[in-house]
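Peer 1: Below are the structure tokens for one structure; questions will follow.
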Amino acid sequence: AFHFACHLRMLKHTSEVETLVQHVEGATYVPLARQDQCCGFGGTFAIKNADTSTAMLADKMRNVLGTGAEICTAGDS
């Protein structure tokens with residue numbers, strides 16, 4: 004599975020990631036439900052709005068775990 008960070012979604016760079024993962028030998032791309040959903044961790048948002056950020060991440064993680072994927076990766080550092 005792949006977490007699309009906000010900047011990738013806003014730049015509409017999602018198909019490239021799907022194509023890349025699909026070309027990794029032995030890998031199967033599993034799309035996240037609500038892959039347009041924010042994880043709540045951008046910039047200082049997580050610090051200034053910790054409760055909201057934590058709730059957003061919990062929701063995101065339910066979707067990640069719901070894929071059954073062994074690995075969830077992202078393009079952010």
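For the sequence shown, the working numbering assigns the number 4 to the initial residue and increments by one for each residue that follows.
Note that beta-carbon positions come from the ideal geometry of N, C-alpha and C, so glycine has one too.
Quantities reported herein were computed from a predicted structural model and do not represent experimental measurements.
(1) Run through DSSP, which three-state label would A49 get?
(2) Report yes or no: do the segment 35-47 and the segment 61-69 share at least 3 C-beta pairs separated by less than 8 Å?
(3) If you draw a straight line from the alpha carbon of T55 to that of E73, how long is it in whole angstroms?
(4) What would DSSP say about H10, mapped onto helix, strand or coil?
(5) In terms of residues, what are the limits of the alpha helix (DSSP H) holding Q38?
(6) Which value, in whole angstroms, describes the spacing of the CA atoms of A48 and V27?
Peer 2: By the coordinates alone:
(1) helix
(2) yes
(3) 27 Å
(4) helix
(5) From DSSP, Q38 is part of no alpha helix (DSSP H); its letter is neither H nor E.
(6) In the sequence as displayed, the identity of residue 48 is Phe instead of Ala. Rounded to the nearest angstrom, the two C-alpha atoms are 34 Å apart.
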